[in-house]
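**Student:** For the sequence shown, our numbering assigns the number 2 to the initial residue and increments by one for each residue that follows. Don't be surprised by glycine CBs; every beta carbon is placed ideally from N, CA and C. Just so we're clear, the structure is a prediction, and the values are computed from it rather than from any experiment. Let me begin by handing over the structure; questions about it come next.
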Amino acid sequence: MKKFSAFIFYMCVVLGLSAAFYAADSFSLIPKKTYTAADFGIDTYKSANDGDCDGTEDQTDILCSAQSYVALRPKYKSKYYEGGYPDDEYGVCTDVIGAAMKGAGYDLMKLVNSDILSAQPEYGIEKPDKNIDFRRVPNLNVYFSRHALSLTTDINDIKAWQGGDIVVFPHHIGIVSDKRNRHGVTYIIHNAGRPMYEEDVIDQYQVIGHYRITKPLDSKKIADCANKD
Numbered sequence: 002m003k004k005f006s007a008f009i010f011y012m013c014v015v016l017g018l019s020a021a022f023y024a025a026d027s028f029s030l031i032p033k034k035t036y037t038a039a040d041f042g043i044d045t046y047k048s049a050n051d052g053d054c055d056g057t058e059d060q061t062d063i064l065c066s067a068q069s070y071v072a073l074r075p076k077y078k079s080k081y082y083e084g085g086y087p088d089d090e091y092g093v094c095t096d097v098i099g100a101a102m103k104g105a106g107y108d109l110m111k112l113v114n115s116d117i118l119s120a121q122p123e124y125g126i127e128k129p130d131k132n133i134d135f136r137r138v139p140n141l142n143v144y145f146s147r148h149a150l151s152l153t154t155d156i157n158d159i160k161a162w163q164g165g166d167i168v169v170f171p172h173h174i175g176i177v178s179d180k181r182n183r184h185g186v187t188y189i190i191h192n193a194g195r196p197m198y199e200e201d202v203i204d205q206y207q208v209i210g211h212y213r214i215t216k217p218l219d220s221k222k223i224a225d226c227a228n229k230d
């Protein structure tokens, strides 16, 4: 009986440790070695555009702005904001995109609202609301499909993925990280209410959209930048 009880205790300990390890690994709490595009002989993409005229091209600006935003560790909570953009410690997945684009000089709230008004049937929106429309995943998928370069959704085609790209899932969205796992698959920068914000979890989702900003999204702003030179 004692041997049986000891065996049960041992198995409980093993199962408990296994569950704890699985949970920690699932939430990216266990440090892993990360790689870069250069480790796989992949050239880092640089945009020809600089939307905010700050001397840093768009692709890098989008990536760094996303990383800077999640470094603030926004708490996951869906709220409506009169000014559109969150002005407190909360946010959702789409706010990572909004912050990343804003850091590169693009006001996604205005851009998406303008596009909805010009092509409302494409979005299937009966009553546009600029304060929230740009914070909905389906709307962003439509917007980027219309105004960005559409790329492969195959995450194993590692040469086609670059830090600063935008990746869309059925009910989620994120920015592609410049970090990669040992297979060359990119991490994603996102807010999913998890402990970590930059994670090797893209394979846990179904990718339905992969986009890259390769042309100016705000021609007036670009023209203003040119006039400053």
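Measure the C-alpha to C-alpha separation of LYS216 and GLY194 and round it to an integer number of angstroms.
**Tutor:** Distance between the alpha carbons of LYS216 and GLY194 is about 32 Å.
**Student:** Under the rule that 16 or more other beta-carbon atoms within 10 Å means buried, what is ASN192, buried or exposed?
**Tutor:** By the 10 Å Cβ count, ASN192 comes out buried.
**Student:** Label GLU83 either buried or exposed according to how many other C-beta atoms from any shown protein chain fall within 10 Å of its C-beta, with 16 as the threshold for buried.
**Tutor:** Its Cβ having fewer than 16 others within 10 Å, GLU83 is exposed.
**Student:** For LYS180 versus ASP155, is the C-beta distance shorter than 9 Å?
**Tutor:** No; because the gap between Cβ atoms is not below 9 Å, this pair is not in contact.
**Student:** Within the continuous alpha helix (DSSP H) that includes HIS211, where are the two ends?
**Tutor:** No alpha helix (DSSP H) contains HIS211, which is instead part of the beta strand (DSSP E) from 210–213.
**Student:** Thinking just about the alpha-carbon of each residue, which of ARG213, VAL186, TYR212, LEU73 is nearest to the one in GLN205?
**Tutor:** When only C-alpha atoms are compared, the closest one is VAL186.
**Student:** Quick one: what does DSSP say GLY92 is sitting in, helix, strand or coil?
**Tutor:** Strand, per DSSP.
**Student:** Between the C-alpha atoms of ALA149 and TYR212, what's the straight-line distance to the nearest angstrom?
**Tutor:** Their backbone Cα atoms lie some 6 Å apart in a straight line.
**Student:** Counting only runs that start and end within the segment 48–97, where is the alpha helix (DSSP H) found for 4 or more residues in a row?
**Tutor:** The segment 48–97 contains these whole alpha helix (DSSP H) runs: 59–71.
**Student:** Within this structure, are the beta carbons of TYR81 and GLY99 separated by less than 9 Å?
**Tutor:** No; because the gap between Cβ atoms is not below 9 Å, this pair is not in contact.
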